[in-house]
Each structure stands twice: as C-alpha cells, then as structure tokens.
Amino acid sequence: MDPQYTPSTGTPVSGGLSLREVCYIVEIVAQTGRLAVIDIAEVNPTLGDKNDVDLTVKTTIDVVSHFYGQRRQGNAPEGAEIPLSITKRFPSKPRPVGTN
C-alpha cells in the first residue's frame, strides 16, 4: 500500500496501491467466503509522528473492516434498493408533449 495511506511502516514503497484499490481487492476476497486468516504486517507505530501513526492505524482498521463485510457504499440490509434505480426515475422513452 502506498505510504501516503500508511506512513508508519518499516518499508515504505511509493507508487503502492491506493486505499480504494486495496478495499476493492479485499471486498472481492471477502465475497468468496473463503477468508480464513488475516495477517497485518509492516505496521510500526514507533515510526513517524502522531499523525502518521493515527493515519496508519485508521487505514489498517478500514482494510480489516472490509474483510469483515464493510463496503465502500456503506452497509445496507440485504435486498434494500438504495437509491431508486435510474430507470425508475427517468423513463427509457421520452413522453409525448402534453402528457404526464
């Protein structure tokens, strides 16, 4: 992961994955239902200042949360329609003038 998201690491590598890319990958893995173990490595709270450590911990929590079902669009009850689909709000064919 790019160090702009996890600066408190012993091996920072510029050009790493973004937080969004990591969360996408994690969501795909989590959806398989085959996840058995998570290993958190290279998080070192003795490196960097308080802001660096806070950002690294927040990012780590975000990633782990996605393994356990958090989604980028939020958590909604299964079957919920959020928002109304675009096809319900806008007809596929234009209405003739003067009709509602």
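Counting from 1, one number per residue, gives the positions in the sequence shown under full-length UniProt numbering. We treat Cβ as the ideally placed atom computed from N, Cα and C, and that holds for glycine.
Rounded Cβ spacing between residue i and residue j (contact assumed at less than 8 Å)
i: V64; j: T9; result: Contact flag wrong, Cβ pair sits at about 16 Å.
i: G16; j: D2; result: 4 Å
i: L19; j: D62; result: 7 Å
Where residue i sits in the DSSP three-state scheme
i: S92; result: Low confidence applies to S92: its pLDDT is 48, below 50, so where it sits in the model is not reliable enough to give any reading.
i: Q4; result: coil
i: A30; result: helix
i: I25; result: helix
i: T59; result: helix
i: N44; result: coil
i: T9; result: coil
i: residue 101; result: The displayed coordinates of the chain run from 1 to 100. Any statement about residue 101 would go beyond what the structure contains.
i: L17; result: coil
i: D52; result: helix
Residue environment, residue i, which counts as buried when at least 16 other CB atoms sit within 10 Å
i: K46; result: The residue you asked about is not Lys; residue 46 is Thr in the sequence shown. Exposed.
i: T6; result: buried
i: V22; result: buried
i: V37; result: exposed
i: T59; result: buried
i: T56; result: buried
i: V13; result: exposed
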